[in-house]
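Visitor:
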Amino acid sequence: MTLQTGNPLIYAGPGGYSVEVDGELVEKRRKELGLSMGKLASMIGVSRRTLYGYERGMAKASVKSAYNLAETLGVPVAKPIRILSRTQKHRRCLLIRAKQTITGQPLLQKFFRKFAFCDILPVYRAPFDFIMNFKQDRDVIMGGVASKREKNLDRRIGEIVSVSNVIGAQPVLVTEKRKTLSDDINCVCLNELPAVCTPENLVITN
């Protein structure tokens, strides 16, 4: 799976979530800070060989390692991609798969009908259910839609927030019933949706 935010690239595979790192930027910033490869590797909790793979474009980073890199270097390290700007044929394939994904999920279907006018893309096999451009594509919302029967919701919220931190997205959760949630994610109740007119309202509702 790939997804676009403003505009990094995240993969979800058998080994979990990973990020394509901008190796040239990592190497440049490391040298600007006067850090050896071994020192930086130690600071972010990976081997020198792994960091070498990041800098040479030979390896993808875990979400945790990408976050540690961004925090240590003080710059975003996720390599950009514009998935929402791909060819019409590719986008049509994505939409067909997305339609299959939300079939049988009435809450998610209701949300997509509400924001059908937006640049929104459903996501499958991930803790988040959609990504949405707002503020004229300058910012991105990464969101989940949860029913009141969902188990392990706290864990899913943690994953949404973690990935959002790495790629600089705004995390949002839409729920059937408000409950105590993390302060790190904006929560919107289903009964509040009629008053939400724009994607920006999703971010500032809390």
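Heads up: the sequence shown begins at 44 in our numbering, then just goes up one per residue.
Quick reminder that beta carbons are idealized off the backbone N, C-alpha and C, glycines included.
#1: Would you be able to state if there are at least three C-beta pairs under 8 angstroms between the segment 192-208 and the segment 167-175?
#2: Could you pull out every residue in the same chain whose Cβ sits closer than 7 angstroms to the Cβ of residue 97, ignoring the five residues on either side in sequence?
#3: Between residue 241 and residue 75, what straight-line distance do the alpha-carbon atoms span, to the nearest angstrom?
#4: Which of helix, strand or coil does DSSP assign to residue 245?
#5: What residues in its chain sit with their C-beta under 8 angstroms from that of residue 110, if we drop five residues either side in the sequence?
#6: By the 10 Å Cβ neighbour count, where 16 or more other Cβ atoms means buried, how is residue 212 classified, buried or exposed?
#7: Within 10 angstroms of its Cβ, does residue 186 collect 16 or more other Cβ (buried), or is it exposed?
#8: Can you tell me where the alpha helix (DSSP H) holding residue 228 begins and where it ends?
#9: Please report the straight-line C-alpha distance between residue 244 and residue 112, rounded to a whole angstrom.
#10: Residue 218: which of 199, 177, 196 and 188 sits nearest, CA to CA?
#11: Distance check for residue 92 and residue 215, CA to CA, integer angstroms please.
#12: Quick check on DSSP: helix, strand or coil for residue 81?
#13: What did DSSP end up calling residue 76 once you bin it into helix, strand or coil?
#14: Have a look at residue 249 and residue 229 and give me their C-alpha separation to the nearest angstrom.
#15: Would you report the Cα separation of residue 71 and residue 190, rounded to the nearest angstrom?
#16: Give me the residue from 226, 227 and 234 with the minimum Cα distance to residue 220.
Guide: Reading it off the structure:
#1: yes
#2: As a working mapping, residue 97 is identified with position 54 in the sequence shown. If we look at residue 97 and ignore the five residues flanking it on each side, its Cβ neighbours are 64, 66, 69 and 104.
#3: Residue 241 sits at position 198 when you count from the first residue of the sequence shown. Residue 75 sits at position 32 when you count from the first residue of the sequence shown. Looking at the two C-alpha atoms, the distance is approximately 41 angstroms.
#4: Taking the first residue of the sequence shown as 1, we reach residue 245 at position 202. Helix, per DSSP.
#5: Looking up residue 110 in the sequence shown gives position 67. Only 205, 208 and 209 meet the Cβ criterion.
#6: Numbered from 1 along the sequence shown, position 169 holds the residue referred to as residue 212. Burial call: buried.
#7: Along the sequence shown, one-based indexing puts residue 186 at 143. Classification of residue 186: buried, given that the 10 Å Cβ count is 16 or more.
#8: Residue 228 sits at position 185 when you count from the first residue of the sequence shown. Here residue 228 belongs to no alpha helix (DSSP H), and DSSP marks it neither H nor E.
#9: Within the sequence shown, the letter at position 201 stands for residue 244. Within the sequence shown, the letter at position 69 stands for residue 112. In a straight line, the C-alpha of residue 244 is about 31 angstroms away from that of residue 112.
#10: Locating residue 218 in the sequence shown gives position 175, where the first residue counts as 1. Measuring from the Cα of residue 218, the nearest candidate turns out to be 188.
#11: Taking the first residue of the sequence shown as 1, we reach residue 215 at position 172. Taking the first residue of the sequence shown as 1, we reach residue 92 at position 49. Their Cα atoms are separated by approximately 36 angstroms.
#12: As a first step, residue 81 is located in the sequence shown; it is residue number 38 there, counting from the start. DSSP places residue 81 in helix when its eight states are reduced to three.
#13: In the sequence shown, residue 76 corresponds to position 33, counting from 1. If DSSP states are grouped into helix, strand and coil, residue 76 belongs with coil.
#14: On the sequence shown, residue 249 is found 206 positions in, with the first residue counted as 1. On the sequence shown, residue 229 is found 186 positions in, with the first residue counted as 1. Residue placement at residue 249 cannot be trusted, given a pLDDT of 45 that sits under 50; what the coordinates show is reported in the next sentence. One C-alpha to the other measures close to 6 angstroms.
#15: Counting from one through the sequence shown, the residue named residue 71 turns up at place 28. Counting from one through the sequence shown, the residue named residue 190 turns up at place 147. Rounded to whole angstroms, residue 71 to residue 190 spans 45 angstroms at the Cα level.
#16: By 1-based counting over the sequence shown, the position of residue 220 is 177. The option with the nearest alpha carbon to residue 220 is 234.
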